[in-house]
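> Using our numbering, the letters of the sequence shown correspond one by one to residues 204 to 316. Glycine included, C-beta positions come from ideal geometry on N, C-alpha and C.
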Amino acid sequence: MNIRPLYDRIVVKRVDEQDEKTASGLIIPDTAKEKPQQGEVIAAGKGKRLEDGKVVPLDVQVGDKILFGKYSGSEIKLDGQEYMIMREDEVLGVLDAQGVIGGGSSTTAAATK
């Protein structure tokens, strides 16, 4: 893929974790499946440009697994693959390696104070 997103935009490849069959064995057609709301960051811009011209680096990085809203971003097709391009502020959170949000005790401690 040859795309370089500008500023605070990122390119995301959806992570498809839906089953093809129900528990009773019925096959779910593609038209009935909901699109996953998580993906992997494939490319990222340099950062958000502020009014004074300074560029603030992005929090998300290439390789991060992220969660995003149902209506976030725009779908694009490159080299026969479907991707999404969205602004960093449309990202709801970053998943850790186990797929759990947060993961650190400092997050929990800060939330309880």
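1. Helix, strand or coil: which one does DSSP assign to E285?
2. Have a look at K273 and G256 and give me their C-alpha separation to the nearest angstrom.
3. Which same chain residues end up closer than 7 Å to E278 when comparing Cβ atoms and leaving out the 5 residues on each side of it in sequence?
4. Here's the rule: buried if 16 or more other CB atoms are within 10 angstroms of the residue's CB, otherwise exposed. What is L253?
5. Tell me which same chain residues have a C-beta within less than 6 Å of the C-beta of D292, skipping the five on either side of it?
6. With respect to the beta strand (DSSP E) encompassing E243, which residues constitute its N-terminal and C-terminal limits?
7. Quick one: what's got a C-beta closer than 8 Å to G250's C-beta in the same chain, skipping five residues either side?
This is what the structure holds:
1. Stepping through the sequence shown from its first residue, residue 285 is reached at position 82. Secondary structure of E285 (DSSP, three-state): strand.
2. Counted from its first residue, the sequence shown places residue 273 at position 70. Counted from its first residue, the sequence shown places residue 256 at position 53. Each residue's Cα considered, the two are about 32 Å apart.
3. Residue mapping note: residue 278 aligns to position 75 of the sequence shown, counting from 1. Once the five neighbours on either side are set aside, the close Cβ partners of E278 are E285 and M287.
4. Along the sequence shown, one-based indexing puts residue 253 at 50. Around the beta carbon of L253, fewer than 16 other beta carbons lie within 10 angstroms, which makes this residue exposed.
5. Start at 1 with the first residue of the sequence shown, and residue 292 comes out as number 89. Once the five neighbours on either side are set aside, D292 has no close Cβ partner at all.
6. Numbered from 1 along the sequence shown, position 40 holds the residue referred to as residue 243. Counted as a single uninterrupted DSSP element, the beta strand (DSSP E) harbouring E243 occupies residues Q241 to A247.
7. Position 47 of the sequence shown holds residue 250. The answer, listed in chain order, is Y210, D211, V258, V259, P260 and L261.
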